[in-house]
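Structure, as structure tokens:
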């Protein structure tokens, strides 16, 4: 393993600390410090995923990386330094087939028009057409071939045929040998078995490569191989100083017993191992049907927890996992559908008022408390502006260029991908790559520009440029830590100003509607949990009450019920009181 790995780890830690204000690591004791290990993780953030793992795994990791990425200027050089193993991905080698193809439903025969199957296609290759992939079994002629599985869809144009792409089969023997030798030497391998990165909320089908690598190592004489599943979860990914959670799952020990099965039936054994790996990865991750469901789950966890209650990030993550299970199992039930509708309405209300769910409590403060808090925020804002914007005229151009180029790259990646939804998984990675190039370049230019006016000799000018390259990034980092607080302070000051102005505007309908809606939703979420919880799993409620004690939730529920009418909008309250008078 390269001796320069510690430099790359230092760089990765600098990148991670700049991108994320908080790195939450769960179950670090599951990482063995010695022995052959394969780390498998979900792939939702392109190169940043590997960056987070390098920065936090206390071992030297050799990642399996696409040969296409190895050819990139910055990534390729960094990957070669840390000893990454390149692999040819069939998807990167696909090409447009000559001619057109057509077929009949419920058949295995594919016919071609002006095709040259014998020259372009080999058994084991795949044909991509109409968003379906067919594995080639046998080639009969230049215009006829057979596939393995029966085709269950109609051809869009059976007369003129449809266009197709060919995905060639790649011999990965050399890669498997390199991985086997690394594992036999006690090295650590890192792999993202989904293949390419994506921005979906669920796992993509796993590639069999990780299973084949493991079984090949066992077949070559290793006693056992440990596979550690990892779950990577990002919060506020598109904002600076967000949060990343790194969850280490329980080890999957693969021994010689499975290798014996592999020698008898390779396909079945690989499938069994892939199922175990997928189950391990899902136990570490936060998965849902779509992004809207993910937002509903996050709101549910926030609403279920008593207002302003402080619990550890590990328990919050565990609660998110529990609610994910509930939404997977009862996502189509009337209770969950109704809850999701109300949560979406509540989210729109929050966005309309430009307030976050965990800030709604601020609207209930007394005028005197809000005034003191407002003064405190003014002082904090002045402090953050002084320490956060001092060098902004130097780093703002860098940020603007990186955002512009990253957005262009996102659009290109989305256009060329069949699995991405918005292409957001490439944005952070591309920003970092752009800044790795622009940061020293711009700092050198700044150093040259200012040194020409300050110093007369070139020796001093060169020394000043070197100092600029080294010192300015530290100044930017300090600026960053304070400047990211400014939007939050401004938003909360606006909330506090609404409370202070409540002396004049006693109706405060918008604020009352927000508070009342949140109270109603808190009661509904807890009611849904108590109704469906014991149907999710036998220990669902037990795990939930371990994170948030039941007596605490019950006490808060009583408080909400007792004060239910306190924050009802005044018009609605007057109607309620009128009904009571009639009764």
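Numbering (the numbering used here), first residue to last: 2 to 584. A virtual CB, placed ideally from N, CA and C, is assigned to each residue, including glycine.
By how many angstroms is the C-alpha of residue 557 removed from the C-alpha of residue 259?
Numbered from its first residue, the chain shown carries residue 259 at position 258. Numbered from its first residue, the chain shown carries residue 557 at position 556. Residue 259 and residue 557: Cα-Cα distance of roughly 52 Å.
If you count every other CB in all the chains shown that lies within 10 Å of the CB of residue 438, and 16 or more means buried, which is it?
As a working mapping, residue 438 is identified with position 437 in the chain shown. Exposed is the call here.
What would DSSP say about residue 210, mapped onto helix, strand or coil?
For the purposes of this step, residue 210 is taken as the residue at position 209 of the chain shown. DSSP, reduced to helix, strand and coil, places residue 210 within a helical segment of the structure shown.
Measure the CB-CB distance between residue 88 and residue 130 and report whether it falls below 8 Å.
Residue mapping note: residue 88 aligns to position 87 of the chain shown, counting from 1. Residue mapping note: residue 130 aligns to position 129 of the chain shown, counting from 1. Judged by their CB atoms, residue 88 and residue 130 are not nearer to each other than the 8 Å cut-off.
In its own chain, which residues sit with a C-beta less than 7 Å from the C-beta of residue 244, not counting the 5 before and 5 after it?
Counting from 1 along the chain shown, the entry for residue 244 is found at position 243. Closer than 7 Å at Cβ, skipping near neighbours: 21, 22, 23, 25, 236, 237.
According to DSSP, what are the bridge partners of residue 128?
Here residue 128 refers to the residue found at position 127 when the chain shown is read from its first residue. Bridge partners of residue 128: 135, 167.
Residue 217 to residue 176, Cα distance in whole Å?
Counting from 1 along the chain shown, the entry for residue 217 is found at position 216. Counting from 1 along the chain shown, the entry for residue 176 is found at position 175. Rounded to the nearest angstrom, the two C-alpha atoms are 11 Å apart.
Can you confirm whether the segment 275–285 touches the segment 202–212 when touching is taken to mean that 3 or more C-beta pairs between the two stretches lie within less than 8 Å?
Judged by Cβ distances under 8 Å, the segment 202–212 makes contact with the segment 275–285, as three or more pairs qualify.
Determine the DSSP secondary structure at residue 145, reduced to helix, strand or coil.
As a first step, residue 145 must be located in the chain shown, where it is residue number 144. Residue 145: strand per DSSP, three-state reduction.
Terminal residues of the alpha helix (DSSP H) in which residue 456 lies
The residue given as residue 456 occupies position 455 in the chain shown. Per DSSP, residue 456 lies in no alpha helix (DSSP H) and is assigned neither H nor E.
For the alpha helix (DSSP H) that contains residue 380, what are its first and last residues?
As a position in the chain shown, residue 380 is number 379, starting the count at 1. Run containing residue 380: 368–389, per the alpha helix (DSSP H) assignment.
From the DSSP secondary-structure annotation, give me the bridge partner or partners of residue 10.
To locate residue 10, count along the chain shown from 1; it is residue 9. Beta-bridge partners assigned by DSSP to residue 10: none are found.
Give the DSSP-derived three-state secondary structure of residue 309 in the structure shown.
Taking the chain shown and counting its residues from 1, the one referred to as residue 309 is at position 308. DSSP places residue 309 in coil when its eight states are reduced to three.
Pull up the CB-CB distance for residue 202 and residue 81, whole angstroms please, since I reckon it's below 8 Å.
As a working mapping, residue 202 is identified with position 201 in the chain shown. As a working mapping, residue 81 is identified with position 80 in the chain shown. Contact between residue 202 and residue 81 does not hold, since the beta-carbon distance rounds to 33 Å and is not under 8 Å.
For residue 72, count neighbouring Cβ atoms within 10 angstroms of its own Cβ and tell me buried if that reaches 16, exposed if not.
By 1-based counting over the chain shown, the position of residue 72 is 71. With a threshold of 16 other beta carbon atoms within 10 Å, residue 72 falls short and is exposed.
Rank 121, 305, 46, 195 by C-alpha distance to the C-alpha of residue 553 and give the top, closest one.
Here residue 553 is taken as the residue at index 552 of the chain shown, counted from 1. Minimum Cα distance to residue 553 is reached at 305.
Comparing alpha-carbon positions, which option in 132, 100, 108 lies nearest residue 122?
Taking the first residue of the chain shown as position 1, residue 122 is located at position 121. Checked all of 132, 100, 108; the closest Cα to residue 122 is 100.
Going residue by residue through the segment 186–259, where are the continuous alpha helix (DSSP H) segments of at least 4 residues, counting only ones entirely within it?
Counting only runs that start and end inside the segment 186–259, the alpha helix (DSSP H) elements of at least 4 residues fall at 210–220.
Would you kindly report the start and end of the unbroken alpha helix (DSSP H) that includes residue 63?
In the chain shown, counting from the first residue as 1, residue 63 sits at position 62. Residue 63 -> not in any alpha helix (DSSP H); beta strand (DSSP E) instead, spanning 62–67.
Would you call residue 341 buried or exposed, if buried means 16 or more other Cβ atoms sit within 10 Å of its Cβ?
For the purposes of this step, residue 341 is taken as residue 340 along the chain shown, with counting starting at 1. By the 16-neighbour rule on beta-carbons within 10 angstroms, residue 341 is buried.
In chain order, what residues of the same chain have a beta carbon less than 8 Å from the beta carbon of residue 185, not counting five sequence neighbours either side?
Your numbering for residue 185 matches position 184 in the chain shown. Hits under 8 Å: 37, 218, 221, 222, 223.
Among 456, 449, 486, the one whose alpha carbon lies nearest that of residue 469
On the chain shown, residue 469 is found 468 positions in, with the first residue counted as 1. Comparing alpha carbon positions, the residue from 456, 449, 486 closest to residue 469 is 449.
Using beta carbons (cut-off 8 Å, strictly below), is residue 565 in contact with chain C?
In the structure shown, chain C cannot be found, because there is only a single protein chain.
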